[in-house]
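Just below is one structure, and these are the notes that go with it.
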Amino acid sequence: MIILLVGMPGSGKGEVAKAFRRRGIPVISMGDAIREEAEKRGIPKTPEGLKYVSLKVREELGPGAVAILTIPKVRGIIKRKGIVVIEGVRSPAEVQEFRREFKNERVIILAIHSPPKVRFERLRRRGRSDDPKTWNEFLDRDKKELGFGIGEVMSLADYVILNNCTFNEFQRKIEKVVSKILSNWP
Numbered sequence: 001m002i003i004l005l006v007g008m009p010g011s012g013k014g015e016v017a018k019a020f021r022r023r024g025i026p027v028i029s030m031g032d033a034i035r036e037e038a039e040k041r042g043i044p045k046t047p048e049g050l051k052y053v054s055l056k057v058r059e060e061l062g063p064g065a066v067a068i069l070t071i072p073k074v075r076g077i078i079k080r081k082g083i084v085v086i087e088g089v090r091s092p093a094e095v096q097e098f099r100r101e102f103k104n105e106r107v108i109i110l111a112i113h114s115p116p117k118v119r120f121e122r123l124r125r126r127g128r129s130d131d132p133k134t135w136n137e138f139l140d141r142d143k144k145e146l147g148f149g150i151g152e153v154m155s156l157a158d159y160v161i162l163n164n165c166t167f168n169e170f171q172r173k174i175e176k177v178v179s180k181i182l183s184n185w186p
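So the sequence shown is residues 1 to 186, counted in the UniProt record's numbering.
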């Protein structure tokens, strides 16, 4: 089973990924694939550098590029564990790459939705090097993400978690959905 997590930056994908990890399920981050690629190419892991790398790999490999970069890792995990979570799918082309490569696996899309102002505050507090520092940077990043087709992937979701609540309420929602998904595996 392959579980694709999709959501705008700061929506809570990381918290959902932690819930799967607590159950011993491996998680691969699509964002890490871009950060690793930036490192390989000697490009700084700044918002500009990561944007450049993400556009460059898509130019070189097509719109499903980031999925293509992660497929070898996913293949190994599926062979060993039979289940993997992929955090941060952004485009319908990436979904297609996973479905094409893993035809015999069940592929589930789990979307996490959260309001923009809430996400902006979370990202400011998180403080990762590629997180936006200003509202305009945040809007630019959202525009980039939407340009990749993240909204289309969210519309394909098999499950949706709305993260517009307290942390504890969000944790309860996560547990409910994760339990439901895993009840269908293996």
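All residues carry an ideal CB built from backbone N, CA and C; glycine is no exception.
Give the C-beta separation of glycine 88 and serine 29 to the nearest angstrom, bearing in mind that I take them to be a contact with Cβ-Cβ under 8 angstroms.
6 angstroms
For valine 118, which residues from the same chain have a beta carbon less than 8 angstroms from its beta carbon, with the 5 sequence-adjacent residues on both sides left out?
Cβ within range, chain order: Gly10, Asn163 and Asn164.
Checking 7 angstroms against the spacing of the C-beta atoms, do alanine 65 and valine 57 come in under that value?
yes
Residue of Met8, Leu4 and Ala19 minimising C-alpha distance to phenylalanine 170
Ala19
Near isoleucine 83, which residues of its chain fall below 7 angstroms by C-beta distance, leaving aside the five closest residues on each side in sequence?
Met1, Ile25 and Trp185
Residue environment, serine 183, which counts as buried when at least 16 other CB atoms sit within 10 Å
exposed
Taking only three categories from DSSP, how would you classify valine 160?
strand
Beta carbon of arginine 90, beta carbon of phenylalanine 148: below 7 angstroms?
yes
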